[in-house]
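K.L.:
Structure provided below as structure tokens; questions to follow.
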Amino acid sequence: MKKPTIKDIAAAAGVSPASVSMILNGRNLSRFTEQTIQNVYRASRQMGYVSKKNQRHKNPKQTILIVCPSLMNPYYATLIQSMEQEARLRGYLTLVFTTYWDKAAEREVLEMATEPNVDGVIFSMIPQQPRLAEETSKLVPIVAVGDRAYDLNLDTVDVNNYSAGRMVAAHLIRLGHRHVAYISTTLNEEHSSRLKRCDGLKDEYSQSCPAGTVTVYSQDVSSHKELYVTEVEHEVGYTLTCRCLKESPQVTAIVAINDMVAYGVRAALIDAGKRIPEDMSLCGFDNIYPSRFPGVELTTIEHAIVERGRSSIRLLAEKLRGESELIDENAITRVEYQSRLVVGRTTGEAQKDG
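In this text, residue positions in the sequence shown follow the numbering used here: the first is 3, and each later residue adds one.
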């Protein structure tokens, strides 16, 4: 089979060979419209064109762009490290781009993803702008790691956060906790896992403990604060817990959106003279490694962080090598891992009836 040339790409994209050469080498891009650039990128990908630069290397490596909202939370650090472990085993290069939940940064990385030197993209969360990510996936393979979302037209490796929320609620109800609080960072549609954990918690209480209540405390966190305040999740957990103790004395258990926020909750409870779990039970989500430290031993939800990270690379590798068993190349692949409750020393029987 004849190898594609710049002339072939030019013919397919409807531009001159000189224009193709400039676009693929990133020169004078301001001379071209965005549509022309995308047409050239698309044609080069479809034809499997390899530049002369890469032809000089015997084994040119493909590059995977990993998109991450934050590196401070061990959840993301562990997830990304597991991705890079699997990528290295399979001979891929990786680049990490951190957005700090900034939509403009997400748009920037999606534009970067369409450049010829990027072969595939993995989001370590559900994209904040899913429709834009879906459009980009027509040009470059994209896999998202996060929450089950059937309306997302991307390949995903996920968990069911709604079920996880119900799992935590069922555990607390069994222990006799009728009134609980849910404490979270920014709670909106752009953070689907946070909403679904909350919904699962509420629904389980509504069905299994109708006399009970779930009081929600949340605090919006800007992308600027995500970037410049490294302890932001701990700070939110601490601040909202202090508020909860003043406003909701009936609460006997607190559920934090994740383990990092739970550490802030724990600090606030200790400073307030509360015993855990005798006076207040505490739960988190994600089961990050510090949660297993002696003295912490948090009750939390295991979300198979390492396994999901590796699975996302394997799924993307199938797409890059064209080895997917799916007949329809437009089909969406969803890999779901089951969540598991990890009972630590931070939950116990309710000692008072709110």
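For every residue, glycine included, the Cβ atom is placed at its ideal position computed from N, Cα and C.
Sorted by chain position, which residues of the same chain lie with C-beta nearer than 7 Å to His-59's C-beta, five sequence neighbours on each side aside?
P.N.:
Counting from one through the sequence shown, the residue named residue 59 turns up at place 57. With a pLDDT of 40 at His-59, under the threshold of 50, the predicted position of this residue should be treated as unreliable, and no value is reported.
K.L.:
Helix, strand or coil for Tyr-219? Go by DSSP, reduced to three states.
P.N.:
Numbered from its first residue, the sequence shown carries residue 219 at position 217. It is a strand residue.
K.L.:
From Asn-190 to Tyr-94, what distance separates their C-alpha atoms?
P.N.:
In the sequence shown, residue 190 corresponds to position 188, counting from 1. In the sequence shown, residue 94 corresponds to position 92, counting from 1. Near 35 Å, if we compare the C-alpha coordinates of Tyr-94 and Asn-190.
K.L.:
Between which residues of its own chain and Ser-72 is the CB-CB distance below 8 Å, once the five residues before and five after are set aside?
P.N.:
Residue 72 sits at position 70 when you count from the first residue of the sequence shown. Hits under 8 Å: Tyr-78, Thr-100, Tyr-102, Trp-103, Glu-228.
K.L.:
Would the stretch 170-183 and the stretch 220-239 be scored as touching if the rule is three or more Cβ pairs under 8 Å?
P.N.:
no
K.L.:
Beta carbon of Gly-115, beta carbon of Ile-315: below 8 Å?
P.N.:
Position 113 of the sequence shown, counted from the first residue, corresponds to residue 115. Position 313 of the sequence shown, counted from the first residue, corresponds to residue 315. According to the sequence provided, residue 115 is Ala. The question's Gly does not apply to it. In this structure, Ile-315 does not lie closer than 8 Å to Ala-115 by Cβ.
K.L.:
Based on the DSSP output, what are the partners of Glu-157 in its beta bridges?
P.N.:
Numbered from its first residue, the sequence shown carries residue 157 at position 155. Note that residue 157 is Asp in the sequence shown, not Glu. Per DSSP, Val-145.
K.L.:
Measure the C-alpha to C-alpha separation of Arg-312 and Gln-87 and round it to an integer number of angstroms.
P.N.:
Numbered from 1 along the sequence shown, position 310 holds the residue referred to as residue 312. Numbered from 1 along the sequence shown, position 85 holds the residue referred to as residue 87. Gln-87 has its alpha-carbon roughly 8 Å from the corresponding atom of Arg-312.
K.L.:
Let me know the secondary structure DSSP gives His-193 once reduced to three states.
P.N.:
Numbered from 1 along the sequence shown, position 191 holds the residue referred to as residue 193. Secondary structure at His-193: coil, using DSSP grouped into helix, strand and coil.
K.L.:
Report the residue from Ile-68, Ala-255, Lys-105 whose alpha carbon sits nearest the alpha carbon of Gln-353.
P.N.:
Residue numbering aside, residue 353 sits at position 351 when the sequence shown is read from its first letter. Closest by alpha carbon: Ala-255.
K.L.:
By DSSP, does Ser-72 sit in helix, in strand, or in coil?
P.N.:
To locate residue 72, count along the sequence shown from 1; it is residue 70. Residue state, collapsed to three classes: coil.
K.L.:
Give the C-beta separation of Tyr-291 and Pro-76 to the nearest angstrom, bearing in mind that I take them to be a contact with Cβ-Cβ under 8 Å.
P.N.:
As a working note, residue 291 is residue 289 in the sequence shown. As a working note, residue 76 is residue 74 in the sequence shown. That pair is a contact at about 6 Å.
K.L.:
Please name the residue or residues paired with Gly-214 in a DSSP beta bridge.
P.N.:
In the sequence shown, residue 214 corresponds to position 212, counting from 1. None, per the DSSP bridge assignment.
K.L.:
Identify whether Tyr-230 lies in helix, strand or coil by the three-state DSSP scheme.
P.N.:
Residue numbering aside, residue 230 sits at position 228 when the sequence shown is read from its first letter. Note: Tyr-230 maps to helix in three-state DSSP.
K.L.:
Keeping to the same chain, check which residues put their C-beta closer than 6 Å to that of Glu-299; ignore five residues upstream and five downstream.
P.N.:
In the sequence shown, residue 299 corresponds to position 297, counting from 1. Contacts found: Gly-346, Arg-347.
K.L.:
Give me the residue from Val-218, Asp-281, Glu-280, Ser-224 with the minimum Cα distance to Ala-258.
P.N.:
Your numbering for residue 258 matches position 256 in the sequence shown. If we check each option's Cα against that of Ala-258, Val-218 comes out closest.
K.L.:
Taking the straight line between their C-alpha atoms, what separation do you get for Leu-284 and Val-308?
P.N.:
As a first step, residue 284 is located in the sequence shown; it is residue number 282 there, counting from the start. As a first step, residue 308 is located in the sequence shown; it is residue number 306 there, counting from the start. Taking the straight line from one Cα to the other gives about 24 Å.
K.L.:
Helix, strand or coil: how does DSSP classify Gly-360 here?
P.N.:
Residue 360 lies beyond the range of the chain shown here (3 to 356); nothing can be said about it.
K.L.:
Let me make sure I understand the geometry here. Which of Arg-133, Thr-187, Arg-323, Phe-287 has the alpha-carbon closest to that of Arg-384?
P.N.:
Here the chain has residues from 3 to 356 only, and residue 384 is not among them.
K.L.:
Quick test of your reading: Val-123 and Val-69, contact by CB under 8 Å. State the CB separation rounded to the nearest angstrom.
P.N.:
Here the question's residue 123 lines up with position 121 in the sequence shown. Here the question's residue 69 lines up with position 67 in the sequence shown. Indeed, because the Cβ distance is near 7 Å, the residues count as touching under 8 Å.
K.L.:
Establish whether the CB of Tyr-164 and some CB of chain C are separated by less than 8 Å.
P.N.:
Any reference to chain C falls outside this structure, which holds one protein chain only.
K.L.:
DSSP three-state label for Val-267, please.
P.N.:
Mapped onto the sequence shown, residue 267 falls at position 265. Looking at Val-267 - three-state DSSP - the assignment turns out to be helix.
K.L.:
Could you give the distance in angstroms between the alpha-carbon of Asp-149 and the alpha-carbon of Lys-276?
P.N.:
On the sequence shown, residue 149 is found 147 positions in, with the first residue counted as 1. On the sequence shown, residue 276 is found 274 positions in, with the first residue counted as 1. Their backbone Cα atoms lie some 33 Å apart in a straight line.
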